[in-house]
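Per the working numbering, the sequence shown starts with residue 13, numbered consecutively.
Beta carbons: idealized from backbone N, C-alpha and C, even for Gly.
I have placed the structure first, in the form of structure tokens, so that the comments after it can refer back to it.
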Amino acid sequence: MATPLPSPTMLLCDDDLPFRAALGAAFTRRAWAVHLAASGEEALAIAARVPLQRAVIDLRMPSMSGLDLLRELLKLQPGIQVVVLTGYGSIPTAIEAVKRGAVNYLTKPAEPAEIDAAFEEHCPDDEPAGEDVTVPSLDRAQWEHLQRVLADTQGNISEAARRLGMHRRSLQRKLQKLPPKR
């Protein structure tokens with residue numbers, strides 16, 4: 013009787029508990045041995061004791077940024093493939109993530125199939141990294157910028173509008189719309 017092969021291992025690090033739990037359950041159903049972490053420090057503790065093939069990490073977390081976590085993960089496990097997820101996507105952070113060693117960069121919400129595809133389509137070593145970054149539409153870039161400023165002001169619409177140089181009601185109308193497609 014043949015011994016079953018061990019499941020491939022994946023680390024999911026996100027400070028959003030419902031998102032982390034749902035994504036973990038989805039990848040467990042896809043036969044991955046999933047290790048969940050709520051912070052960069054927790055993720056590094058897991059990486060120090062468990063060999064990992066893949067990691068999906070959030071860009072913005074309270075104590076350690078996803079870019080710092082990416083650097084430390086690659087020091088601990090140089091062969092790990094990492095996809096960076098964020099609700100605040102921008103071209104500069106996408107390029108920085110890829111330069112630091114991420115195989116891809118996705119904006120939230122990301123479905124498990126999208127994440128799988130992101131791992132599968134990463135650039136081989138002989139191609140320059142960072143040249144295949146998808147540029148968002150102008151409407152999408154504006155929406156993401158508004159979300160970033162709003163997050164930086166802890167949801168204070170009046171302060172966000174002041175920083176953006178726009179009327180508070182105009183900002184509220186823009187925020188009520190659904191995010192534009194990529």
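Beta-carbon separation (whole angstroms), residue i vs residue j, contact threshold 8 Å
{"i": "residue 22", "j": "residue 51", "result": "With a Cβ gap of about 17 Å, residue 22 and residue 51 do not count as contacting."}
{"i": "residue 113", "j": "residue 86", "result": "5 Å"}
{"i": "residue 84", "j": "residue 56", "result": "6 Å"}
{"i": "residue 116", "j": "residue 125", "result": "No, residue 116 and residue 125 are not in contact; Cβ-Cβ is about 13 Å, not under 8 Å."}
{"i": "residue 53", "j": "residue 75", "result": "7 Å"}
Beta-carbon spacing of residue i, residue j below 8 Å
{"i": "residue 71", "j": "residue 89", "result": "no"}
{"i": "residue 109", "j": "residue 79", "result": "yes"}
{"i": "residue 38", "j": "residue 19", "result": "no"}
{"i": "residue 25", "j": "residue 67", "result": "yes"}
{"i": "residue 173", "j": "residue 183", "result": "yes"}
{"i": "residue 69", "j": "residue 94", "result": "yes"}
{"i": "residue 99", "j": "residue 119", "result": "yes"}
Assigned secondary structure, residue i (DSSP; H/G/I helix, E/B strand, else coil)
{"i": "residue 69", "result": "strand"}
{"i": "residue 64", "result": "coil"}
{"i": "residue 157", "result": "helix"}
{"i": "residue 89", "result": "coil"}
{"i": "residue 95", "result": "strand"}
{"i": "residue 114", "result": "coil"}
{"i": "residue 105", "result": "helix"}
{"i": "residue 40", "result": "helix"}
{"i": "residue 122", "result": "coil"}
{"i": "residue 45", "result": "strand"}
Separation of residue j from residue i, as counted between CA atoms
{"i": "residue 106", "j": "residue 181", "result": "31 Å"}
{"i": "residue 185", "j": "residue 178", "result": "12 Å"}
{"i": "residue 155", "j": "residue 96", "result": "20 Å"}
{"i": "residue 176", "j": "residue 164", "result": "12 Å"}
{"i": "residue 168", "j": "residue 102", "result": "21 Å"}
{"i": "residue 189", "j": "residue 171", "result": "20 Å"}
{"i": "residue 30", "j": "residue 150", "result": "30 Å"}
{"i": "residue 33", "j": "residue 132", "result": "23 Å"}
{"i": "residue 40", "j": "residue 46", "result": "6 Å"}
{"i": "residue 122", "j": "residue 28", "result": "13 Å"}
{"i": "residue 35", "j": "residue 62", "result": "19 Å"}
{"i": "residue 152", "j": "residue 166", "result": "21 Å"}
{"i": "residue 162", "j": "residue 128", "result": "30 Å"}
{"i": "residue 111", "j": "residue 104", "result": "10 Å"}
Chain B within 8 Å of residue i, Cβ atoms only
{"i": "residue 56", "result": "Considering every chain present, this structure includes no chain B. It has just one protein chain."}
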